[in-house]
Structures are given as structure tokens and as C-alpha cells.
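Colleague: What follows is a single structure, and I will ask about it in a moment.
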Amino acid sequence: MQCHEVKELLSPYLDGVLNSAKRESIYAHLAVCPGCRAELHALGEVVSILKALPAVDPPAGFTAGVRMSIIQLRATENPAGAGQIDERGGQAVLFSRGAAPPPAKGTTVSFLKNLTFGKWSLTAALAATLVLTAGVTTMVYGLPSQWGAKGLLQRVVFSESKSGFNVTLQDDNEKPRRDLLKVKAPHTDGLPQPGTPQGREDTVQEQNAQPPGQLPSAPQEQEPGEAKAGPPAGRQQPEALPAAKVLENDESRQHAPKTFNVLRNEKDSAVPLQSAALSVAAADFSWFSGKAADIARASGGFVLPDGKEPEEMTIRVPAGRLDEVVGLLRELGQVQFEGAAVNGGGSFTDGKSSDAPQNQARQGIEADVSAGEVEFAIITIRAR
Amino acid sequence: MQPADGVLIERSRNGELDAFEQIVRRYENKVYNIAYRFLGNHSDAADLAQEVFLRIYKALPGFRGDSSLTTWIYRITSNVCRDEIRRQQRAHVVSIDTGPGENNAYSVNHLENRGPTPEEVVEQDEFNSLVQKCLSELSEEHRLILIAREMQELSYEEIAEVMQCSLGTVKSRLSRARHAFKEKYLARREHFSLDSRLVR
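Residue numbers (this note's numbering), protein chains in the order written: chain F, 1 to 384; chain B, 1001 to 1200.
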């Protein structure tokens, strides 16, 4: 066997993958050829050098990042894919085995699709709205059962006008304190597609250039030492008025204002609540809650045990990732109203429903405070 | 006891995000190390590894089990690496981590096991960077086969399955890759102060 033939086979020879005949031939050649022996030694060193390269670890949070990317991918590829998502033992389903059946007309899924693609009316939206309320609280405030007695509750009034749809925060004496949300009368044929650059850009601009997905957090009035008086009635607070454009529909203007109570901003209290709130419209609560649970888990949060009401849930997410989570919720495609930052507000309540989620949230906060653990933001999701 | 790959695949196919996350955790080190050695820097490696798992996620419904999950993941990783190289070639991007910290894991182990001096640690970091540069100068196929064989320690048969080629091709390609690396290394070693590690 010639040197050039041997050198071609030294690599597999080194790995011991040659048949016995070739192996013996090379062995015999190496015994008499110092040049090929040197070449074999060099190849052995190459292998050693490469094998000695240290293993490296993925960056911290890599798995969570992949999970978040998948959730975002699902939201992007299937913004209205309610038919492809269901729940199995508390685990959200990524994709179904077969083609998802098309939603039947008149179902919530059908409504959702119409909503997403712009063929919807505000009347239907209000009737089928799921109100997602995100009460973000980073310290303890009184027990929910005591909110009323402490005067913590104030009203959020949903009203409609020719110019749009307004959400206003009121005192107990029904004087408007500040606007939370103003939905402009539409100038387009449909909703901006959630998650589209245009939709995000609108929000960013109207939230005073906050980063995308970030809630208008901690309104200025919340800062200690600032004037307690709210703005004049009807005056908009730009920093708290991210607006979503909705489709004009005269029939949708026939509804009486919907009123909810919301945890009062305790700017005149010694308790410096730090919170924000948002409300959104969705259609299929089970689908929405499954996705919200996915997002919560992916962010390092979790879902609190079921409340008493069948269509409500409370999730907790690290306070530092709240904006990220809210951004993902927005991309689900069902968010219609958002960014209504309640000064120091907590969770919305209509004053007559169960306090279960709030109690759970409250208990969770207390647990965190006592344990000195990472603070969690609380997001209460409730179907309306 | 950890569920088998097959169980996780089935559960993932049924849509359980937690099951897929277990797959990610099980293979993230392999995928990330391939990505890092292929690209030579952590930033790109993290992006590439994430892209690998997104592709796996998208392709999972079509995974027939003809090959093992490991092989399948290696194959996808190789494809993503090739795609990335082509993208970088179009953009003329070259980025290689250098200097201390590039091989922290090695340095830490080295420190614990042998107690090297700071100078030795720096020297080892520099040597590892040199090796990485030599690796990064190879063709993508040579890089991939060296990473698969020397670092991931795949058998010839596994490499053939991952690269979808014959055993003969694996033998010849690996041989050429080793020789190519040796030449790169010898050329660079001339400028390196460490003791000679190769005999010409």
C-alpha cells in the first residue's frame, strides 16, 4: 500500500472503523513509514484538540424563550384559531391532529372570526364581550370584602357617543375623575389586525411612546406627594388613553352605559398602590383562558385555582414581565380595548359578583410579601 | 423517571406545551453546543438554537419516527446551520467570540481540577479561541462533520443518517475535514506561543 493510499485511510483507521484486511495493511505500512506515523499522530492530536473544546451552556432562560416564541408563533399564525385549541388536563393544546372544524355560524368562534376580520358590530361586541381585567398590585391593599367599607371602590363607566366609546372613572358621587379609555369612532372598515405593526404603532404613540406591549404603568397621579385632585371632568389624560379604533355601527350606539366598580386609586391613602388595568373584548373564554394560561406559565407565572365563577380565571406573572405578558395577550387577536391604566387601580369588579379571584390574588400577594419572594402581578380574566 | 422521547413526542403532538418544553430541555445543550461551535459566538448561537426548536415544533406533526428523535434533531440543527451560513454569506457577517470568558466552562473546570495560574487560564482561553477560529474557517460541511464526530461523538452510522449520506461519504468527508483542520491549525500555530501540539 502506498503512502497516499494510507493517508486517505488514516482517519477511519484512527476511529477503528476499517475492516480487518485494510487495518492490517495500514498497520504494516506504519511500521516502516515514519512519515505516515507522523501523519497519524497529527490526526490524533486534531481529534484530541477538538474533543477538548469545552461544552458551553445555553443562556439562562433559553427554554422559556423558546416557549414564548412558540406561543407568539401560535398567536401569529393562528390569531383567531379558536378551533385548534382546547384544554387537556390543564395543558394547552398546541395543535390538533386533524384539520380543525370550521366554526359554525352563530357560535362564539364564528363571532370571533368576524370580529377579527372586521365584520362585527359594537352591539355584538358589547353583548359578547369578555372583559379581561388586569389588576396589577405590587403591595398589599385591604381585603376585597373591605374595599367597599374603606371607600376603595369607584366606578368605571362605559358609555357610547357619536365620537366613540368611552371608559371613564368616577367617584362615588358620580363625578368623572378621569378618562380611562377612549375608543374613537372608526374611520376604517374594520379593526386594525391585532399584532400588526400598525396596531402596535398606534398604541405606542398613544401611550406616550412607551415600549410596545407595555402597560401605561403607574400613572403620574399615583406618585406620592402629587396633587390629589383629579383632572377636570371629561378631560383626557393622554398618558392613560391608548385608543383602539373600532368599526362604526350606528346600531351599536343604543346601549346604556355599563358600569363597573374598580378598586380606587389610593392616592389619598397612605397605601401607595401601584397598579394598572386594562379591559379587552374576546369571544370564546375557554380558548382565551387556555392561551392566557400558556402565556402565564411561559413567563414564569402560573394560574390560580379556579374561582367560583365558571368563566373567570386569575393568573399571576412576575411583575417585571407584566408588559411582556400583556403584549402577548394583545396579540391573541381578541383584545379590543386596552391600556386603560387605572391609577392605583386593582381588579375590576361589578360590585355584585364573587370576590373569589380578588381574594385569591390578595392571598397570593400576602404570601409573597411574607416570604420575601419575587412580586407577581395579578391578572384577572372574566367573561362578560 | 423521565418520560421517553417517544412519550414526549406523542404528548407534544397532542399539543402539550409542557411536553415539548421537556424535549427542549433534553436537547438544548446539544443543539446549543452545535450552534455555538458552528457559528463561533454566543449571540448567534442562541438565535440559531431557538430557530432550531421552532423548526422542530413546526415539523413535529410530520415526524414519522423513521429515525430517532436525536438524529432528527441533529438533522434539523444541521440544516438550520447551513441556512444561517448562507444568510451570513449574503450579508458578509463574521463574528467570533474571543478572549477570556469565551470558554468559561472550561476555565472553571480547569481551575477546580488543576489550579492553573491566571496566565495559564488566559493562555487556554486564547488557545480555545484559536481552535474555534480554525474551525470557523472550514467549509460548513467540514465544520458540521467535525462537530458531530469530535464534539457530539456521533458514530459514523449516526452521522450518515443525520447528513443523509453513505458510510463511505462519512469516512472520506471526515478524513478531509480532519486534514483541513490540521492545515488551518498548523498555519495559525506559527503565531501562537503555546507548545507545539501537532507534529507536522
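Backbone N, C-alpha and C define an ideal beta-carbon position, used for all residues, glycine too. The structure displayed is predicted, hence computed values, not measured ones.
How long is the line joining the alpha carbons of B/Arg1082 and B/Ile1076, rounded to whole angstroms?
Modeller: Walking along the second sequence from the start, residue 1082 of chain B turns up at place 82. Walking along the second sequence from the start, residue 1076 of chain B turns up at place 76. Distance between the alpha carbons of B/Arg1082 and B/Ile1076: 10 Å.
Colleague: Compute the Euclidean distance between the alpha carbons of F/Phe62 and B/Glu1021, then round it to the nearest angstrom.
Modeller: Numbered from its first residue, the first sequence carries residue 62 of chain F at position 62. Numbered from its first residue, the second sequence carries residue 1021 of chain B at position 21. Rounded to the nearest angstrom, the two C-alpha atoms are 11 Å apart.
Colleague: In terms of DSSP beta bridges, what is F/Arg316 paired with?
Modeller: Numbered from 1 along the first sequence, position 316 holds the residue referred to as residue 316 of chain F. DSSP output for F/Arg316 lists F/Phe302 and F/Ile378 as bridge partner(s).
Colleague: Any C-beta of chain F sitting closer than 9 Å to the C-beta of B/Gln1050?
Modeller: Within the second sequence, numbered from 1, the residue matching residue 1050 of chain B stands at position 50. With 9 Å as the cut-off, B/Gln1050 counts as an interface residue toward chain F.
Colleague: Identify the contact partners of B/Glu1183 in chain F, using a Cβ-Cβ distance below 8 Å as the criterion.
Modeller: Your numbering for residue 1183 of chain B matches position 183 in the second sequence. Within 8 Å Cβ-Cβ: nothing; B/Glu1183 doesn't reach chain F, min ~10 Å.
Colleague: Report the rounded CA-to-CA distance for B/Arg1025 versus F/Val303, giving the unit in angstroms.
Modeller: Indexing the second sequence from 1 puts residue 1025 of chain B at position 25. Indexing the first sequence from 1 puts residue 303 of chain F at position 303. When rounded, the distance between both Cα atoms is 22 Å.
Colleague: Can you name the residues of chain B whose CB is closer than 8 Å to the CB of F/Phe288?
Modeller: Position 288 of the first sequence, counting from 1, holds the residue named residue 288 of chain F. Chain B residues near F/Phe288: none, gap ~16 Å exceeds 8 Å.
Colleague: Return yes when the Cβ of F/Gly300 is within less than 9 Å of the Cβ of F/Ala64, no when it is not.
Modeller: Here residue 64 of chain F refers to the residue found at position 64 of the first sequence. Here residue 300 of chain F refers to the residue found at position 300 of the first sequence. Yes, the Cβ-Cβ distance between F/Ala64 and F/Gly300 is below 9 Å.
Colleague: Quick one: measure Cβ to Cβ for F/Ala377 and F/Ala319, integer angstroms, because I've assumed they're closer than 8 Å.
Modeller: Numbered from 1 along the first sequence, position 377 holds the residue referred to as residue 377 of chain F. Numbered from 1 along the first sequence, position 319 holds the residue referred to as residue 319 of chain F. Contact holds; Cβ gap of about 5 Å.
Colleague: Near B/Cys1134, what residues of its chain come up, given a Cβ to Cβ distance below 8 Å and the 5 sequence neighbours on each side ignored?
Modeller: Stepping through the second sequence from its first residue, residue 1134 of chain B is reached at position 134. The residues are Phe1181, Lys1184, Tyr1185 and Arg1188.
Colleague: Report the neighbours of B/Phe1063 on chain F: residues whose CB is nearer than 7 Å to its CB, in chain order.
Modeller: Walking along the second sequence from the start, residue 1063 of chain B turns up at place 63. Simply none; closest approach about 13 Å.
Colleague: Would you report the Cα separation of B/Gln1002 and B/Leu1008, rounded to the nearest angstrom?
Modeller: Position 2 of the second sequence, counting from 1, holds the residue named residue 1002 of chain B. Position 8 of the second sequence, counting from 1, holds the residue named residue 1008 of chain B. Distance between the alpha carbons of B/Gln1002 and B/Leu1008 is about 10 Å.
Colleague: Determine the DSSP secondary structure at B/Gly1015, reduced to helix, strand or coil.
Modeller: The count along the second sequence starts at 1 and reaches residue 1015 of chain B at position 15. Note: B/Gly1015 maps to coil in three-state DSSP.
Colleague: Any beta-carbon of chain F closer than 9 Å to the one on B/Asn1033?
Modeller: Numbered from its first residue, the second sequence carries residue 1033 of chain B at position 33. By this cut-off, B/Asn1033 is an interface position.
Colleague: Mapping DSSP to helix, strand and coil, what is B/Cys1165?
Modeller: In the second sequence, counting from the first residue as 1, residue 1165 of chain B sits at position 165. Residue state, collapsed to three classes: coil.
Colleague: Closer than 8 Å by beta-carbon distance: list the chain F residues that pair up with B/Val1121, in chain order.
Modeller: As a first step, residue 1121 of chain B is located in the second sequence; it is residue number 121 there, counting from the start. The contacting residues do not exist; B/Val1121 stays about 12 Å from chain F at best.
Colleague: Is B/Gln1132 buried or exposed, if buried means 16 or more other CB atoms sit within 10 Å of its CB?
Modeller: For the purposes of this step, residue 1132 of chain B is taken as residue 132 along the second sequence, with counting starting at 1. Classification of B/Gln1132: buried, given that the 10 Å Cβ count is 16 or more.
Colleague: Since B/Tyr1036 meets chain F, which of its residues come closer than 7 Å, beta carbon to beta carbon?
Modeller: Position 36 of the second sequence, counted from the first residue, corresponds to residue 1036 of chain B. Neighbours of B/Tyr1036 on chain F, chain order: Val56.
Colleague: Return the CA-CA distance between B/Glu1123 and B/Glu1190, expressed in angstroms with no decimal places.
Modeller: Start at 1 with the first residue of the second sequence, and residue 1123 of chain B comes out as number 123. Start at 1 with the first residue of the second sequence, and residue 1190 of chain B comes out as number 190. Approximately 15 Å between the Cα atoms of the pair.
Colleague: Under a CB-based cut-off of 9 Å, is F/Pro318 close to chain B?
Modeller: Working through the first sequence from its first residue, we reach residue 318 of chain F at position 318. By this cut-off, F/Pro318 is not an interface position.
Colleague: May I have the straight-line CA-CA distance separating B/Asp1018 from F/Ala293, to the nearest angstrom?
Modeller: As a working note, residue 1018 of chain B is residue 18 in the second sequence. As a working note, residue 293 of chain F is residue 293 in the first sequence. For B/Asp1018 and F/Ala293, the distance between alpha carbons rounds to 12 Å.
Colleague: What does B/Ala1046 reach in chain F if we use C-beta pairs closer than 9 Å?
Modeller: Taking the first residue of the second sequence as position 1, residue 1046 of chain B is located at position 46. Those within 9 Å of B/Ala1046 in chain F are Pro58, Pro59, Phe62 and Gly65.
Colleague: Should F/Met1 be labelled buried (16 or more other beta-carbon atoms within 10 Å of its own) or exposed?
Modeller: Walking along the first sequence from the start, residue 1 of chain F turns up at place 1. Exposed is the call here.
Colleague: Quick one: what does DSSP say F/Ala38 is sitting in, helix, strand or coil?
Modeller: Numbered from 1 along the first sequence, position 38 holds the residue referred to as residue 38 of chain F. The answer is helix: DSSP assigns F/Ala38 an H, G or I state.
Colleague: Provide the residue span of the alpha helix (DSSP H) that contains B/Asn1128, from first to last.
Modeller: Working through the second sequence from its first residue, we reach residue 1128 of chain B at position 128. Its alpha helix (DSSP H) spans residues Pro1118 to Ser1136.
Colleague: Cβ atoms of F/Val6 and F/Leu30: under 9 Å apart, would you say?
Modeller: Position 30 of the first sequence, counted from the first residue, corresponds to residue 30 of chain F. Position 6 of the first sequence, counted from the first residue, corresponds to residue 6 of chain F. Yes, Cβ-Cβ distance for F/Leu30 and F/Val6 is below 9 Å.
Colleague: Per the contact definition of three or more C-beta pairs closer than 8 Å, is the stretch 1036-1047 of chain B in contact with the stretch 1058-1073 of chain B?
Modeller: Not touching, per the Cβ criterion.
Colleague: Decide if F/Pro12 is buried, meaning its Cβ has at least 16 other Cβ atoms within 10 Å, or exposed.
Modeller: What you label residue 12 of chain F is simply residue 12 of the first sequence in a count that begins at 1. Counting Cβ neighbours within 10 Å, F/Pro12 comes out buried, since at least 16 surround it.
Colleague: With DSSP run on the structure shown, which of helix, strand or coil describes B/Phe1038?
Modeller: Working through the second sequence from its first residue, we reach residue 1038 of chain B at position 38. Residue state, collapsed to three classes: helix.
Colleague: Contact criterion: CB-CB distance below 9 Å. Does B/Leu1039 meet it with respect to chain F?
Modeller: Start at 1 with the first residue of the second sequence, and residue 1039 of chain B comes out as number 39. Chain F, which has no Cβ nearer than 9 Å to the Cβ of B/Leu1039, makes this no.
Colleague: How would you call B/Arg1143, buried or exposed, if buried means at least 16 neighbouring beta carbons within 10 angstroms?
Modeller: Taking the first residue of the second sequence as position 1, residue 1143 of chain B is located at position 143. Flag for B/Arg1143 reads buried.
Colleague: Can you list, in chain order, the residues of its chain whose CB lies under 7 Å from that of B/Glu1137, leaving out five sequence neighbours each side?
Modeller: Stepping through the second sequence from its first residue, residue 1137 of chain B is reached at position 137. Excluding residues within five positions, the ones whose Cβ falls inside 7 Å are Lys1184.
Colleague: Can you find a CB in chain F that lies within less than 9 Å of the CB of B/Asn1109?
Modeller: The residue labelled residue 1109 of chain B in the question sits at position 109 within the second sequence. Low per-residue confidence applies at B/Asn1109: pLDDT is 45, beneath 50, and the placement is therefore not dependable enough to give any value.
Colleague: Starting from F/Val6, trace the alpha helix (DSSP H) both ways and give me its first and last residue.
Modeller: Indexing the first sequence from 1 puts residue 6 of chain F at position 6. That run of the alpha helix (DSSP H) goes Cys3 to Asp15.
Colleague: Do B/Phe1053 and F/Ile70 have their CB atoms nearer than 9 Å?
Modeller: Here residue 1053 of chain B refers to the residue found at position 53 of the second sequence. Here residue 70 of chain F refers to the residue found at position 70 of the first sequence. Yes. Within cutoff.
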